[in-house]
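Heads up: the sequence shown begins at 97 in the numbering used here, then just goes up one per residue.
Report on one structure; see the data block that follows.
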Amino acid sequence: MTHRVFETGISAGHVQAHPLREHVIIEANAGVYERLQAFAATHPSVTPMFGFWQDVVAQLEPGSFDGILFDTYPTQGEEVAAHWFFFAEAHRLLKPGGVFTYFSDEVRDFSPRHRKALADAGFTDVVAEVCEINTPEECLYWKDKTIVVPICTKR
Ligand SMILES: C[S@@+](CC[C@H](N)C(=O)[O-])C[C@H]1O[C@@H](n2cnc3c(N)ncnc32)[C@H](O)[C@@H]1O
97 MTHRVFETGI SAGHVQAHPL REHVIIEANA GVYERLQAFA ATHPSVTPMF GFWQDVVAQL
157 EPGSFDGILF DTYPTQGEEV AAHWFFFAEA HRLLKPGGVF TYFSDEVRDF SPRHRKALAD
217 AGFTDVVAEV CEINTPEECL YWKDKTIVVP ICTKR
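See the structure below:
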C-alpha cells in the first residue's frame with residue numbers, strides 16, 4: 097500500500113504503473129480531492145481519503161504500508177521542516193523493510209538537523225540519492241539542478 101497526497105496526479109500515475117493491492121491517497125484540498133475521486137474511479141486499487149494528514153493519519157493501521165510517498169508543500173509562512181513531524185507517522189505506518197520517501201528540499205545531502213529528525217523518528221537506514229533534474233528556468237520553488245531523493249527503510 098502507498099500513502100501520499102495528490103494535486104496533479106503525476107506521482108499517483110507513476111505509482112499506479114506498479115502492481116498494487118491498495119494505494120491510499122490523502123488529499124486536503126476540496127477541488128483537488130474531486131479530481132482524486134475521478135482518478136480513483138478508473139484506478140480500483142486507490143482508496144482516497146479527504147482531509148489533512150494530521151487529522152486522518154491515525155485511522156491508518158500501524159505496520160501496514162510497503163511504501164510511503166509524502167509530498168505536501170508547506171502552506172504560506174511555514175518552513176519545510178514544519179512537516180518533518182510526519183517522519184514518526186511514516187515509521188509507525190511502514191512494515192519492516194518498507195520504504196519512505198518525500199520532497200526533501202535538499203540539494204546534495206541532508207543537513208545534520210534533517211538527519212537527526214529522521215533518526216529521532218526511528219529511521220536509521222537512510223540513503224540520500226542525488227537525482228539530476230533539468231529544472232525549468234521559470235520554476236518558482238526549485239532552482240537547483242539536483243535534488244536529494246530520500247530512501248528511508250524501516251528496520
Ligand atoms: C506538491 S502537491 C503534490 C503533488 C503530487 N505528488 C502530484 O504528483 O501531483 C501537494 C498536495 O498536498 C496537499 N496538501 C498540502 N498539505 C496537506 C496536508 N496537511 N494533508 C493532506 N494534503 C495536503 C495539497 O492540497 C496539494 O494537492
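Glycine included, every Cβ here is placed at the ideal spot set by N, Cα and C.
Owing to the predicted nature of the structure, the values given are computational and were not obtained by experimental measurement.
Sufficient close CB pairs (3 or more, under 8 angstroms) joining the segment 128 to 136 to the segment 155 to 170: no
task: Just the C-alpha distance for Ala124 and His114, rounded to the nearest angstrom, thanks.
output: If you number the sequence shown from 1, residue 124 lands on position 28. If you number the sequence shown from 1, residue 114 lands on position 18. Spanning the two alpha carbons is a distance of roughly 25 angstroms.
message: Can you tell me whether Leu190 is buried or exposed? The criterion is at least 16 other CB atoms within 10 Å of its CB, across all chains shown.
response: Within the sequence shown, numbered from 1, the residue matching residue 190 stands at position 94. Result: buried.
task: Count the other C-beta atoms from every protein chain shown that fall within 10 angstroms of the C-beta of Phe166, then say buried if there are 16 or more, exposed otherwise.
output: Translated into positions along the sequence shown, residue 166 becomes position 70. By the neighbour-count definition (other C-beta atoms within 10 Å, threshold 16), Phe166 is a buried residue.
Start and end residues, alpha helix (DSSP H) containing Ala184: Mapped onto the sequence shown, residue 184 falls at position 88. Per DSSP, Ala184 belongs to the alpha helix (DSSP H) from Phe182 to Leu189.
field: Same chain only: Cβ atoms within 7 angstroms of Ala178, ignoring 5 sequence neighbours per side
entry: Translated into the one-based positions of the sequence shown, residue 178 becomes position 82. Once the five neighbours on either side are set aside, the close Cβ partners of Ala178 are Pro170.
query: Looking at Trp238 and Thr249, is the spacing between their C-beta atoms short of 8 angstroms?
result: In the sequence shown, the residue the question calls residue 249 occupies position 153. In the sequence shown, the residue the question calls residue 238 occupies position 142. Not in contact: Thr249 and Trp238 (Cβ atoms no closer than 8 angstroms).
Ser200 beta carbon near ligand 1 (any heavy atom closer than 7 angstroms): Locating residue 200 in the sequence shown gives position 104, where the first residue counts as 1. Ser200: no, Cβ never under 7 angstroms from ligand 1.
- prompt: What's the call for Phe148, buried or exposed, on a 16-neighbour Cβ count within 10 Å?
  reply: The count along the sequence shown starts at 1 and reaches residue 148 at position 52. Exposed is the call here.
field: ligand 1 site residues, beta-carbon cut 6 angstroms against heavy atoms
entry: Val101, Phe102, Glu103, Thr104, Gly105, Ile106, Ser107, Ile122, Glu123, Ala124, Asn125, Val128, Phe148, Trp149, Gln150, Asp167, Thr168 and Tyr169
- prompt: So, using beta-carbon positions, are Pro246 and Ala217 closer together than 8 angstroms?
  reply: As a working mapping, residue 246 is identified with position 150 in the sequence shown. As a working mapping, residue 217 is identified with position 121 in the sequence shown. No, they are not a contact pair.
- prompt: Terminal residues of the continuous beta strand (DSSP E) containing Ala224?
  reply: The residue you call residue 224 lines up with position 128 of the sequence shown. That run of the beta strand (DSSP E) goes Asp221 to Glu228.
Span of the alpha helix (DSSP H), counted from its first residue to its last, around Phe135: On the sequence shown, residue 135 is found 39 positions in, with the first residue counted as 1. Element bounds for Phe135: Ala126 to Thr138.
task: Can you give me the Cβ contacts of His139 inside the same chain, cut-off strictly under 6 angstroms, excluding the 5 residues immediately before and after it?
output: Counting from 1 along the sequence shown, the entry for residue 139 is found at position 43. For His139, where only same-chain residues beyond five positions count, the Cβ hits under 6 angstroms are Gln112.
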